[in-house]
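Asker:
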Amino acid sequence: MAETSNPKELTDLQKLLKSIESLFASPELELILTRIIGLAREVLQADYASIALVDEKGSLTKSVEDFTKVIPLERRARPEGLTMQIIGTKEPVLVHNVETNHRSSNPVLIELGIKSYVGVPLIVDGRVRGVLYAHSLRPRAFARKLSLITAFAGYAAVALKNALLVEELKTQAIRDSLSLLYNHRYFYERLDEEIRRCKRSHQ
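Numbering-wise (numbering that gives the first Met the number 0), the sequence shown opens with residue 0 and increments by one.
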């Protein structure tokens with residue numbers, strides 16, 4: 000790790016390192032998503048944080064955020080908005096002042112009083128599988144924190160990958176169980192038919 004003489008940067012790095020371990024404390028997807036936004040808010044000193052999952056087709060599927068009484072991110076994201084831009088370019092977006100970026104900023108954020116925010120992709124195996132946002136009620140709150148949130152996003156992506164793998168294994172287990180149940184039932188239905196057929200042939 001590169002040395003830094005800036006006490007503020009050193010403190011931020013220490014917070015980041017402390018946050019990493021807790022990201023891998025549980026493989027449960029919901030818990031991981033909640034933990035990611037909580038740690039992002041803490042590490043970046045943000046007022047709010049949001050995370051949205053992205054499926055393999057590039058569509059938003061679900062979100063977790065600490066805003067209250069707002070339309071979920073997967074529903075309020077606009078086709079021409081920054082979330083879709085992040086998914087398409089795989090690059091972070093930093094908005095220093097929402098008031099001078101009304102066209103690119105979601106009206107919901109403006110209504111909430113958000114003044115600045117940063118969004119980064121969570122890249123898993125070369126694909127964007129999530130978008131993480133940190134929001135602030137102050138302008139230029141993340142002016143010197145893009146590298147920090149990018150580093151945090153890298154660890155968050157690994158935790159997300161593990162959680163998605165666990166979810167996939169759960170789904171596969173359910174599918175296999177249902178398939179086994181179907182095959183079991185099918186076997187006994189066919190066996191019953193054969194028994195009845197044999198009985199008829201010997202009458």
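Glycine included, every Cβ here is placed at the ideal spot set by N, Cα and C.
What are the boundary residues of the alpha helix (DSSP H) that includes Ile-35?
Answerer: Unbroken alpha helix (DSSP H) run through Ile-35: 28 to 43.
Asker: Excluding the five sequence neighbours on either side, which residues of its own chain have a C-beta within less than 7 Å of the C-beta of Thr-88, listed in chain order?
Answerer: Closer than 7 Å at Cβ, skipping near neighbours: no residue.
Asker: Any idea if Ala-76 is buried or exposed, counting beta-carbon neighbours within 10 angstroms, 16 or more meaning buried?
Answerer: Label assigned to Ala-76: buried.
Asker: Assuming Pro-106 is part of the alpha helix (DSSP H), what are its boundary residues?
Answerer: Element bounds for Pro-106: 106 to 110.
Asker: Which of helix, strand or coil does DSSP assign to Gly-118?
Answerer: Strand at Gly-118.
Asker: Can you tell me where the beta strand (DSSP E) with Gly-129 in it begins and where it stops?
Answerer: Start and end: 126 to 135.
Asker: DSSP on Ile-70, reduced to helix/strand/coil?
Answerer: Correct three-state label for Ile-70: coil.
Asker: Taking buried to mean at least 16 other C-beta atoms within 10 Å of its own C-beta, is Thr-60 buried or exposed?
Answerer: Thr-60 should be labelled exposed.
Asker: Are Gly-125 and Val-53 closer than 9 Å when you measure CB to CB?
Answerer: No.
Asker: Quick check on the burial criterion: 16 or more other C-beta atoms within 10 angstroms. Buried or exposed for Ala-1?
Answerer: For Ala-1, the predicted model reports a pLDDT of 44, less than 50, meaning its position is unreliable and no value from the coordinates is stated.
Asker: Return helix, strand or coil for Lys-169, following the three-state DSSP convention.
Answerer: Residue state, collapsed to three classes: helix.
Asker: The beta strand (DSSP E) spanning Ile-86 covers which residue range?
Answerer: Premise fails: Ile-86 lies in the alpha helix (DSSP H), 81 to 88, not in any beta strand (DSSP E).
Asker: Rounded to the nearest angstrom, how far is the Cβ of Leu-108 from that of Val-97, given a contact under 8 Å?
Answerer: Right, the Cβ-Cβ distance comes to about 6 Å (below 8 Å), so this counts as a contact.
Asker: Under the three-state reduction of DSSP, which class applies to Ser-21: helix, strand or coil?
Answerer: Ser-21 falls in the helix class under three-state DSSP.
Asker: Provide the residue(s) that pair with Ser-103 in DSSP beta bridges, ordered along the chain.
Answerer: Note: Ser-103 sits in no beta bridge, so no partner.
Asker: May I have the straight-line CA-CA distance separating Ile-31 from Arg-196, to the nearest angstrom?
Answerer: Roughly 56 Å separates the two Cα atoms.
Asker: Return yes when the Cβ of Val-123 is within less than 9 Å of the Cβ of Lys-160, no when it is not.
Answerer: In this structure, Val-123 lies closer than 9 Å to Lys-160 by Cβ.
Asker: Can you tell which of His-95, Leu-121, Val-165 and Leu-163 has the C-alpha that lies nearest to the C-alpha of Arg-143?
Answerer: Of the listed residues, the one whose Cα sits closest to Arg-143 is His-95.
Asker: Are the Cβ atoms of Val-119 and Ile-85 separated by less than 9 Å?
Answerer: Their beta carbons are under 9 Å apart, which means Val-119 touches Ile-85 by this criterion.
Asker: Assuming the contact rule is C-beta atoms closer than 8 Å, Ile-113 and Ala-133 should be a hit. Round their C-beta distance to whole Å, please.
Answerer: Ile-113 to Ala-133, Cβ: 10 Å. No contact.
Asker: Taking the alpha-carbon positions, what's the Ile-70 to Val-165 distance?
Answerer: One C-alpha to the other measures close to 28 Å.
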